[in-house]
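One structure is given below, encoded as structure tokens.
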Amino acid sequence: MDISQFLQVWYSENRRLLPWRETRDAYRIWLSEIILQQTRVAQGLDYYNRFVQNYPTVQALAAASEDDVLKLWQGLGYYSRARNLHKTARAVGDRPFPTAYADLLRLPGIGPYTAAAIASFSADEAVAVVDGNVYRVLSRLFDLDLPIDSTSGQKYFQQLATELLDRRHPALHNQAIMEFGALQCTPTSPLCPTCPLADKCLALQRGTIAQRPVKAGKTKVRDRHLHYYLLKEGDRLWVHQRGAGDIWQGLWEFYLVEEGIEDDAATRLKLPADKAAFTLRHLLSHQRLTCDFHIVHIDRTLTSLPSDYVLLSWEEWQKKAVAKPIFDANRRFSALFSAK
Ligand code: SF4
Numbered sequence: 122m123d124i125s126q127f128l129q130v131w132y133s134e135n136r137r138l139l140p141w142r143e144t145r146d147a148y149r150i151w152l153s154e155i156i157l158q159q160t161r162v163a164q165g166l167d168y169y170n171r172f173v174q175n176y177p178t179v180q181a182l183a184a185a186s187e188d189d190v191l192k193l194w195q196g197l198g199y200y201s202r203a204r205n206l207h208k209t210a211r212a213v214g215d216r217p218f219p220t221a222y223a224d225l226l227r228l229p230g231i232g233p234y235t236a237a238a239i240a241s242f243s244a245d246e247a248v249a250v251v252d253g254n255v256y257r258v259l260s261r262l263f264d265l266d267l268p269i270d271s272t273s274g275q276k277y278f279q280q281l282a283t284e285l286l287d288r289r290h291p292a293l294h295n296q297a298i299m300e301f302g303a304l305q306c307t308p309t310s311p312l313c314p315t316c317p318l319a320d321k322c323l324a325l326q327r328g329t330i331a332q333r334p335v336k337a338g339k340t341k342v343r344d345r346h347l348h349y350y351l352l353k354e355g356d357r358l359w360v361h362q363r364g365a366g367d368i369w370q371g372l373w374e375f376y377l378v379e380e381g382i383e384d385d386a387a388t389r390l391k392l393p394a395d396k397a398a399f400t401l402r403h404l405l406s407h408q409r410l411t412c413d414f415h416i417v418h419i420d421r422t423l424t425s426l427p428s429d430y431v432l433l434s435w436e437e438w439q440k441k442a443v444a445k446p447i448f449d450a451n452r453r454f455s456a457l458f459s460a461k
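One rule links them: number in my numbering = place in the sequence shown (from 1) + 121.
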């Protein structure tokens with residue numbers, strides 16, 4: 122048996138039953154792929170079901186407002202994925218969701234990996250997928266120290282994956298190798314003693330499993346200190362929607378002053394430099410956020426806030442899509458509004 126056949130036998134015995142594997146609907150496969158980027162399957166499953174239920178077709182998703190899509194996405198993080206999802210749905214328009222690799226690549230937000238996954242899973246097109254799982258499996262099987270985040274490394278792994286592809290069963294082959302990476306050849310504790318490829322695995326023979334795959338550069342992480350002010354006016358609060366060009370585009374938040382960034386409105390408002398009510402820390406892929414939350418009781422109508430701020434009741438505020446730290450802060454602040 123060749124490597125692909127071993128993987129396919131392993132897959133038939135070990136595969137998880139997941140709804141996006143039981144369909145050939147390119148739209149649903151695409152949805153699952155976008156949701157599962159940077160998200161665990163257990164968490165993604167719930168969101169996948171919600172999206173399919175609310176938007177059973179790509180046209181239904183395109184017809185939704187961006188706010189509604191962000192709201193449904195809330196809690197998954199990496200919100201640019203949700204905005205791109207919506208943008209792509211609109212780009213598809215009235216057509217059926219494409220299934221050909223070349224057509225998929227023309228859509229916004231669909232790169233080579235996602236295009237290969239959709240084209241092979243939905244239409245059995247012979248294109249090899251290379252995701253994090255595939256990089257790991259191949260780098261160990263062949264004991265490759267080429268960095269997977271370098272252009273030459275990526276090119277090499279793509280060629281190797283294409284050579285190994287079972288061209289008669291591309292969907293099965295791709296699903297098998299991805300699932301094998303997710304369940305058997307896992308990042309920190311691969312199950313080598315029960316691995317059907319153990320006698321072919323060069324990293325196992327050479328004792329280099331923990332060093333595979335190799336990554337060249339560590340991404341720099343930036344620290345940011347955010348001061349959020351809950352501006353409470355009677356039973357309502359002042360909030361606004363974030364603009365473009367930074368994290369959490371399109372999500373809602375309290376009044377924000379960021380350390381190290383000049384803000385005239387903060388001076389005009391004469392916000393008290395009091396101790397924060399509480400602090401939440403949040404990690405993004407390239408940023409470490411410290412969020413201090415303050416409470417300010419306003420006893421007159423604010424005139425000096427920027428014009429995008431709106432005064433909402435607590436119930437209206439709960440309907441807005443927010444990032445994780447604001448979501449967690451809301452739970453702490455809710456007592457301020459429910460206590461009569
Ligand atoms: S022997 Fe271990 S490291 Fe090698 S492919 Fe199997 S699970 Fe992965």
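All C-beta atoms, glycine included, are put in the ideal place defined by N, C-alpha and C.
Taking the runs of the beta strand (DSSP E) that are 3 residues or longer, which of them lie wholly in the segment 309 to 353?
-> Taking only runs of at least 3 residues, no beta strand (DSSP E) segment lies wholly in the segment 309 to 353.
Compute the Euclidean distance between the alpha carbons of Q504 and S406, then round it to the nearest angstrom.
-> This structure cannot speak to residue 504, because the chain is shown only from 122 to 461.
Length at least 4, wholly inside the segment 370 to 457: the alpha helix (DSSP H) runs in chain order | Unbroken alpha helix (DSSP H) stretches of 4 residues or longer found wholly inside the segment 370 to 457: 385 to 390, 435 to 439, given in chain order.
What number of angstroms, rounded off, separates the C-alpha of E187 from the C-alpha of R204?
-> CA-CA distance, E187 to R204, rounds to 7 Å.
Mind checking whether the beta-carbon of P311 lies closer than 6 Å to any heavy atom of the ligand SF4?
-> Yes, the beta carbon of P311 sits closer than 6 Å to at least one heavy atom of the ligand SF4.
Run through DSSP, which three-state label would Q164 get?
-> In the three-state reduction of the DSSP assignment, Q164 falls in the helix class.
Nearest residue (CA-CA) to L197, options L267, L157, F263 = The shortest C-alpha separation from L197 is found at L157.
Rounded to the nearest angstrom, how far is the Cβ of K353 from that of H415, given a contact under 8 Å?
-> Incorrect: roughly 11 Å between the Cβ atoms, too far for contact.
Skipping 5 residues on each side, what residues in its chain have a beta carbon closer than 7 Å to that of R142?
-> Short of 7 Å from the beta carbon of R142, and not among the five residues preceding or following it, lie these beta carbons of its own chain, in chain order: Q296.
Beta strand (DSSP E) segment containing W359, residue limits | 357 to 362 is the extent of the beta strand (DSSP E) around W359.
Compute the beta-carbon to beta-carbon distance between V228 and A212, rounded to the nearest angstrom, for a pair I have assumed lies under 8 Å.
-> It is Leu, not Val, that sits at residue 228 in the sequence shown. Cβ-Cβ separation between L228 and A212: approximately 6 Å, consistent with a contact (criterion under 8 Å).
What number of angstroms, rounded off, separates the C-alpha of A331 from the C-alpha of Y200?
-> In a straight line, the C-alpha of A331 is about 32 Å away from that of Y200.
Pairwise C-alpha distance: D420 and Q164 = Taking the straight line from one Cα to the other gives about 42 Å.
Determine the contact status of E134 and A238, defining contact as a CB-CB distance below 7 Å.
-> No, Cβ-Cβ distance for E134 and A238 is not below 7 Å.
Would you tell me roughly how many angstroms separate the C-alpha atoms of A249 and L191, rounded to the nearest one?
-> Cα-Cα distance, rounded: 31 Å.
Compute the beta-carbon to beta-carbon distance between L323 and D266, rounded to the nearest angstrom, for a pair I have assumed lies under 8 Å.
-> Under the criterion of beta carbons closer than 8 Å, L323 and D266 do not qualify as touching, at roughly 11 Å.
Is it the case that the CB of C322 approaches a heavy atom of the ligand SF4 more closely than 6 Å?
-> Within the cutoff, so yes.
On a CA-only basis, which of E284, E436, I298, P217 is nearest F127? Give me that one, please.
-> Scanning E284, E436, I298, P217 for the CA closest to the CA of F127 turns up I298.
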